[in-house]
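S.K.:
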Amino acid sequence: MSHGIEIRTVPYDHPDAVKLNDEVQLEYQERYQGEGDATHLDPAMFAPPNGLYLLAYDASGTPVASGGWRRQDENAEGYSDGDAELKRMYVVPSARGLGLARRLLAELEADARAAGRVRMVLETGDKQPEAIALYLSEGYTMTAKFGYYREYDSSRCMAKPLS
(Lines of atoms letter the chains of each structure in order from A and count residues from 1; the text may use other names and numbers.)
(Lines give C-alpha, C1' and ligand atoms only; values in the text may rest on other atoms or scores of the structure.)
Protein backbone atom coordinates (compact mmCIF):
# COMPACT_ATOMS: atom_id res chain seq x y z
CA MET A 1 0.00 0.00 0.00
CA SER A 2 1.38 3.42 -0.89
CA HIS A 3 -0.33 5.47 1.87
CA GLY A 4 0.21 8.53 -0.34
CA ILE A 5 3.97 8.12 0.04
CA GLU A 6 6.33 9.60 -2.53
CA ILE A 7 9.97 8.50 -2.64
CA ARG A 8 12.44 11.09 -3.90
CA THR A 9 16.17 11.05 -4.61
CA VAL A 10 17.84 13.87 -2.69
CA PRO A 11 21.39 14.86 -1.76
CA TYR A 12 22.55 13.60 1.63
CA ASP A 13 22.85 17.22 2.80
CA HIS A 14 19.32 18.19 1.70
CA PRO A 15 17.59 20.01 4.62
CA ASP A 16 14.97 17.26 4.99
CA ALA A 17 17.70 14.60 5.02
CA VAL A 18 19.57 16.56 7.68
CA LYS A 19 16.35 16.79 9.74
CA LEU A 20 15.79 13.02 9.66
CA ASN A 21 19.48 12.34 10.29
CA ASP A 22 19.27 14.52 13.41
CA GLU A 23 16.22 12.51 14.55
CA VAL A 24 17.89 9.14 14.02
CA GLN A 25 20.99 10.35 15.86
CA LEU A 26 18.80 11.19 18.87
CA GLU A 27 17.30 7.71 18.71
CA TYR A 28 20.79 6.14 18.61
CA GLN A 29 21.82 8.27 21.62
CA GLU A 30 18.78 7.10 23.56
CA ARG A 31 19.12 3.42 22.66
CA TYR A 32 22.88 3.22 23.24
CA GLN A 33 23.20 5.78 26.05
CA GLY A 34 25.95 7.70 24.30
CA GLU A 35 26.76 9.50 21.10
CA GLY A 36 24.95 8.88 17.86
CA ASP A 37 26.56 7.15 14.90
CA ALA A 38 29.98 8.76 14.52
CA THR A 39 30.72 7.16 11.13
CA HIS A 40 32.10 9.87 8.83
CA LEU A 41 29.64 10.49 5.99
CA ASP A 42 30.12 13.01 3.20
CA PRO A 43 27.32 14.01 0.79
CA ALA A 44 29.57 13.05 -2.15
CA MET A 45 29.50 9.42 -0.93
CA PHE A 46 25.82 9.20 -1.88
CA ALA A 47 26.10 10.86 -5.30
CA PRO A 48 25.22 8.54 -8.20
CA PRO A 49 26.68 6.32 -9.54
CA ASN A 50 28.63 5.70 -6.31
CA GLY A 51 25.59 5.87 -4.05
CA LEU A 52 22.05 7.11 -3.66
CA TYR A 53 20.05 8.82 -0.94
CA LEU A 54 16.27 8.56 -0.72
CA LEU A 55 13.59 10.27 1.33
CA ALA A 56 9.98 9.18 1.64
CA TYR A 57 7.40 11.95 1.97
CA ASP A 58 3.84 11.55 3.20
CA ALA A 59 0.82 13.02 1.43
CA SER A 60 1.30 16.36 3.22
CA GLY A 61 4.92 16.64 2.02
CA THR A 62 6.50 15.78 5.36
CA PRO A 63 9.65 13.63 5.24
CA VAL A 64 8.93 10.38 7.08
CA ALA A 65 11.71 7.96 6.11
CA SER A 66 15.26 7.96 4.80
CA GLY A 67 17.93 5.62 3.58
CA GLY A 68 20.93 5.51 1.34
CA TRP A 69 23.76 3.39 0.03
CA ARG A 70 27.39 4.22 -0.65
CA ARG A 71 30.06 2.39 -2.62
CA GLN A 72 32.63 0.41 -0.68
CA ASP A 73 35.54 -1.65 -1.89
CA GLU A 74 38.18 -3.68 -0.07
CA ASN A 75 39.83 -1.60 2.63
CA ALA A 76 41.23 -1.72 6.15
CA GLU A 77 37.73 -1.50 7.70
CA GLY A 78 36.80 -4.94 6.38
CA TYR A 79 34.74 -4.15 3.28
CA SER A 80 35.03 -6.23 0.10
CA ASP A 81 35.24 -5.19 -3.53
CA GLY A 82 31.76 -4.63 -4.92
CA ASP A 83 30.08 -3.75 -1.62
CA ALA A 84 27.27 -1.24 -1.32
CA GLU A 85 26.82 -0.09 2.27
CA LEU A 86 23.37 0.74 3.54
CA LYS A 87 23.30 3.89 5.73
CA ARG A 88 20.80 5.97 7.67
CA MET A 89 17.75 3.78 7.26
CA TYR A 90 15.18 5.49 9.44
CA VAL A 91 11.40 5.77 9.69
CA VAL A 92 9.84 8.37 11.99
CA PRO A 93 7.82 6.75 14.79
CA SER A 94 4.46 7.97 13.45
CA ALA A 95 5.07 6.24 10.08
CA ARG A 96 6.37 2.91 11.35
CA GLY A 97 4.45 -0.19 10.34
CA LEU A 98 3.58 1.13 6.86
CA GLY A 99 6.27 -0.85 5.04
CA LEU A 100 8.38 2.21 4.24
CA ALA A 101 11.68 0.64 5.27
CA ARG A 102 10.99 -2.32 2.96
CA ARG A 103 10.13 0.00 0.06
CA LEU A 104 13.27 2.07 0.55
CA LEU A 105 15.39 -1.04 0.96
CA ALA A 106 14.07 -2.54 -2.29
CA GLU A 107 14.80 0.66 -4.22
CA LEU A 108 18.27 0.99 -2.73
CA GLU A 109 19.12 -2.63 -3.51
CA ALA A 110 17.90 -2.25 -7.10
CA ASP A 111 19.91 0.92 -7.59
CA ALA A 112 23.09 -0.58 -6.13
CA ARG A 113 22.65 -3.66 -8.33
CA ALA A 114 22.20 -1.44 -11.41
CA ALA A 115 25.39 0.42 -10.42
CA GLY A 116 27.31 -2.88 -10.55
CA ARG A 117 27.57 -3.53 -6.83
CA VAL A 118 27.48 -7.22 -5.93
CA ARG A 119 26.68 -7.23 -2.20
CA MET A 120 24.67 -4.97 0.11
CA VAL A 121 26.14 -4.70 3.60
CA LEU A 122 25.00 -2.91 6.73
CA GLU A 123 25.97 -2.39 10.31
CA THR A 124 23.35 -2.09 13.02
CA GLY A 125 23.35 -2.70 16.74
CA ASP A 126 22.02 -5.15 19.27
CA LYS A 127 19.63 -2.52 20.65
CA GLN A 128 17.84 -2.28 17.28
CA PRO A 129 15.95 -5.60 17.16
CA GLU A 130 13.36 -4.19 14.74
CA ALA A 131 16.10 -3.42 12.21
CA ILE A 132 17.69 -6.85 12.63
CA ALA A 133 14.31 -8.56 12.15
CA LEU A 134 13.60 -6.50 9.01
CA TYR A 135 16.94 -7.34 7.40
CA LEU A 136 16.70 -11.05 8.29
CA SER A 137 13.21 -11.15 6.74
CA GLU A 138 14.63 -9.57 3.57
CA GLY A 139 17.34 -12.20 3.11
CA TYR A 140 20.28 -10.63 4.94
CA THR A 141 22.56 -12.85 7.01
CA MET A 142 25.07 -12.10 9.73
CA THR A 143 28.58 -11.57 8.41
CA ALA A 144 32.08 -10.75 9.62
CA LYS A 145 32.22 -7.31 11.21
CA PHE A 146 33.35 -4.31 9.19
CA GLY A 147 33.19 -0.53 9.35
CA TYR A 148 33.60 2.07 12.03
CA TYR A 149 32.02 -0.01 14.83
CA ARG A 150 33.62 -3.38 13.96
CA GLU A 151 35.38 -3.54 17.35
CA TYR A 152 32.20 -2.93 19.37
CA ASP A 153 30.47 -5.88 21.07
CA SER A 154 27.06 -4.36 20.30
CA SER A 155 27.76 -4.16 16.56
CA ARG A 156 25.86 -6.49 14.23
CA CYS A 157 26.94 -6.68 10.57
CA MET A 158 24.78 -8.19 7.87
CA ALA A 159 25.08 -8.82 4.14
CA LYS A 160 23.00 -9.89 1.15
CA PRO A 161 24.17 -10.78 -2.36
CA LEU A 162 22.71 -8.45 -5.00
CA SER A 163 22.98 -10.97 -7.86
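Heads up, the sequence shown is in the numbering used here, so the first residue is 1 and it goes up one at a time.
Where is the CB? At the ideal position from N, CA and C, for every residue including glycine.
With a threshold of 8 angstroms, are at least 3 pairs of Cβ atoms found where one atom belongs to the stretch 108 to 122 and the other to the stretch 68 to 79?
M.R.: yes
S.K.: Count the other CB atoms within 10 Å of the CB of Asn21; is the residue buried (16 or more) or exposed (fewer)?
M.R.: Looking up residue 21 in the sequence shown gives position 21. Classification of Asn21: buried, given that the 10 Å Cβ count is 16 or more.
S.K.: Mind pulling the beta strand (DSSP E) runs of 3 or more residues that sit fully within the stretch 78 to 117?
M.R.: Correct list: 83 to 91.
S.K.: What did DSSP end up calling Pro11 once you bin it into helix, strand or coil?
M.R.: On the sequence shown, position 11 is the one that residue 11 refers to. Pro11 carries a coil assignment under DSSP once its states are collapsed to helix, strand and coil.
S.K.: Taking the Cβ atom as the reference point for each residue, do Ile7 and Leu54 lie within a distance shorter than 8 angstroms?
M.R.: If you number the sequence shown from 1, residue 7 lands on position 7. If you number the sequence shown from 1, residue 54 lands on position 54. Going by C-beta atoms, Ile7 is nearer than 8 angstroms to Leu54.
S.K.: For Pro15, tell me which candidate among Ala47, Glu30, Thr62 has the shortest Cα-Cα distance.
M.R.: In the sequence shown, the residue the question calls residue 15 occupies position 15. Closest in alpha carbon position to Pro15, among Ala47, Glu30, Thr62, is Thr62.
S.K.: What residue range is occupied by the uninterrupted beta strand (DSSP E) comprising Pro43?
M.R.: Residue 43 sits at position 43 when you count from the first residue of the sequence shown. Taken as a continuous stretch (DSSP letters only), Pro43 belongs to no beta strand (DSSP E), as it is neither H nor E.
S.K.: With distances taken from CA atoms, which of Asn75, Lys145, Ala131 is nearest Val91?
M.R.: Locating residue 91 in the sequence shown gives position 91, where the first residue counts as 1. Shortest Cα-Cα distance from Val91 to any of Asn75, Lys145, Ala131 involves Ala131.
S.K.: Exposed or buried, what is Ala65 when buried is set at 16 or more other beta-carbons lying within 10 Å of its beta-carbon?
M.R.: By one-based count along the sequence shown, residue 65 stands at place 65. Flag for Ala65 reads buried.
S.K.: Can you tell me whether Ala114 is buried or exposed, with buried defined as 16 or more other CB within 10 angstroms of its CB?
M.R.: The residue given as residue 114 occupies position 114 in the sequence shown. Exposed, by the Cβ-count rule.
S.K.: Could you tell me the distance, in whole angstroms, from the CA atom of Pro48 to the CA atom of Pro129?
M.R.: The count along the sequence shown starts at 1 and reaches residue 48 at position 48. The count along the sequence shown starts at 1 and reaches residue 129 at position 129. Using only the alpha carbons, I get a separation of about 30 angstroms.
S.K.: Quick check on the DSSP output: the alpha helix (DSSP H) that includes Glu123 runs from which residue to which?
M.R.: As a working note, residue 123 is residue 123 in the sequence shown. Not the alpha helix (DSSP H): Glu123 falls in the beta strand (DSSP E), residues 119 to 125.
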